[in-house]
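Throughout, this note's numbering is defined as the position within the sequence shown, counted from one, plus 214.
All remarks here apply to the structure that follows.
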Amino acid sequence: MLAIVTGQVGMDKKPYLEGVKRFAHEQGEPLEVLHVGDIMYREAPDVPPGRILDLPLSRLQTLRRAALKDVMVETPKHKNLLVNTHATFRWRHGLFSAFDFDQIQRLKPDVFIALVDNIEVVHERLHRDHVVDATLKDCMVWREEELLATELMSQAVPGSRFYIVSRGRHEETHRTMFRLIARPGMKKVYPSFPMSHVVDMPEVLAEIDAFRAALAEHFITFDPGDVDEKLLLDRALEAAREGQDIIEHEAHSFGGAKKGSAPIRVKVREVLDIAGDIDGQIYMRDFKLIDQSDMIVSLVPELPGMGGKDIPGLSSGVERELQHAFEHAKEVYVVWKPKKPPSPFITETSTKIFKTTEEALSYFEQAGMFGERNLFGQ
215 MLAIVTGQVG MDKKPYLEGV KRFAHEQGEP LEVLHVGDIM YREAPDVPPG RILDLPLSRL
275 QTLRRAALKD VMVETPKHKN LLVNTHATFR WRHGLFSAFD FDQIQRLKPD VFIALVDNIE
335 VVHERLHRDH VVDATLKDCM VWREEELLAT ELMSQAVPGS RFYIVSRGRH EETHRTMFRL
395 IARPGMKKVY PSFPMSHVVD MPEVLAEIDA FRAALAEHFI TFDPGDVDEK LLLDRALEAA
455 REGQDIIEHE AHSFGGAKKG SAPIRVKVRE VLDIAGDIDG QIYMRDFKLI DQSDMIVSLV
515 PELPGMGGKD IPGLSSGVER ELQHAFEHAK EVYVVWKPKK PPSPFITETS TKIFKTTEEA
575 LSYFEQAGMF GERNLFGQ
């Protein structure tokens with residue numbers, strides 16, 4: 215399996231993908247990673263580290279094409295290969311492409327994967343490693359450009375697949391990346407669950423976390439909670455009301471801070487400037503994650519309501535996700551925990567409804583959904 219992995223500058227793809235490689239070797243599966251940037255620097259020993267994007271575009275293109283030729287020579291030697299590169303650059307030259315269609319078509323990758331992460335973390339890494347002046351808005355725009363360009367690359371290679379993968383909490387998403395490459399026949403699942411209005415409910419959060427972990431154990435999961443910028447926006451809005459200019463924020467995937475994350479100083483004004491981008495990209499990204507999945511599995515917990523009456527934890531986001539999955543001919547499964555029965559809008563669009571996560575997993579196992587199917591799930 216040959217995969218092109220892209221992501222904007224500031225993603226730290228190199229150490230992340232080396233982690234995927236280690237995970238694969240722990241499973242006894244051969245997997246190699248080639249970093250196009252490293253190959254380009256070897257081709258240009260006169261260029262200091264971190265300065266290659268400052269080269270004239272003509273030389274940069276020549277180095278990139280030479281690096282891709284080296285990749286083509288290496289590709290037949292490996293059963294599973296990840297090629298770490300970019301789809302676009304937004305630098306002092308402006309916006310420019312980081313690939314050529316003719317080389318990508320000759321390389322014939324099986325899979326194109328666009329890696330994403332919390333935008334405040336990307337922004338922090340970008341300024342840590344480079345002398346550049348970029349706002350959070352710049353990083354949001356760049357992310358959209360990178361996703362679009364990667365998808366266009368995939369469309370230029372007949373039979374290839376395009377996926378968005380979030381870094382999330384790395385140990386879990388290392389497994390996702392590994393399975394996409396080495397276990398492509400596994401069922402791909404979008405876990406759906408309420409997010410924004412349960413952040414202050416620890417028992418519900420624990421139930422959701424257990425649900426997510428159980429699905430990730432048996433399927434390739436594209437978890438919407440692995441990138442959670444809504445909390446950043448909520449904190450910035452609160453800080454603005456209190457007259458603060460700066461907040462210290464720990465990057466989160468849904469349900470808790472990312473492992474090893476340190477507080478990041480973020481300008482409140484910059485966060486407020488991307489409020490619409492955060493909402494728009496959540497809307498776009500989550501639907502794309504559903505589209506690249508075989509099925510959606512939604513947990514609807516029971517939440518405490520007014521007057522001691524429990525209510526279904528069915529957010530507008532979950533309802534919209536279920537409807538989108540149904541309209542796009544996906545299998546739709548719901549774990550319905552409330553005592554109150556679901557409405558026809560749930561029952562008429564669901565493939566099957568379960569009372570517990572354990573009941574759902576038992577059904578999936580008996581239906582032969584665990585493990586691999588044919589290549590690409592066909």
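Beta carbons: idealized from backbone N, C-alpha and C, even for Gly.
Closest in alpha carbon position to K291, among G221, E232 and P244, is P244. Residue pairing by DSSP places A217 opposite L296 and V325 in a beta bridge. Taking P552 as the centre and dropping the five residues before and after it, the same chain places the C-beta of E516 and P526 closer than 6 Å to its C-beta, in chain order. Between the C-alpha atoms of E365 and F313 there is a straight-line separation of about 13 Å.
Inter-residue distance for T302 and G382 is about 22 Å (C-alpha atoms, whole angstroms). In this structure, I510 and L536 form a Cβ contact; the two beta carbons are roughly 7 Å apart against a cut-off of 8 Å. For T561, there is no enclosing beta strand (DSSP E); the residue is found in the alpha helix (DSSP H) stretching over P558 to T561. Contact between the region 280-289 and the region 249-256 is present, with at least three C-beta pairs closer than 8 Å. DSSP places M509 inside the beta strand (DSSP E), whose first and last residues are M509 to V514. In the structure shown, the three-state DSSP call for H337 is helix. Taking 7 Å as the cut-off, the beta carbon of K235 is found no closer than this to the beta carbon of N298. Here Q369 is exposed, its C-beta having fewer than 16 other C-beta atoms within 10 Å. Cβ-Cβ distances below 8 Å link R279 to D314 and Q317 in the same chain, with the five nearest sequence neighbours on each side left out; the list follows chain order.
Note on Y377: 16 or more other CB atoms within 10 angstroms of its CB, so buried under the neighbour-count rule.
Here the region 456-467 does not lie against the region 403-418, with fewer than 3 beta-carbon pairs under 8 Å apart. Taking C-beta atoms as the reference points, A238 and F392 count as a pair closer than 7 Å. Listed as beta-bridge partners of I460 by DSSP are K481. Judged by DSSP secondary structure, S272 falls within the alpha helix (DSSP H) whose first and last residues are L271 to E288. DSSP places P405 within a strand segment (E or B) once states are collapsed to three. Between E360 and L309, the alpha-carbon positions lie close to 11 Å from each other. One alpha carbon belongs to F436, the other to F326, and they sit about 15 Å apart. In the three-state scheme derived from DSSP, where H, G and I count as helix and E and B as strand, F310 is classed as strand. Between L271 and G264, the alpha-carbon positions lie close to 16 Å from each other. Here K544 is buried. Its C-beta has 16 or more other C-beta atoms within 10 Å. Between the beta-carbon of C353 and that of V336 there is about 5 Å, and that keeps the pair under the 8 Å contact cut.
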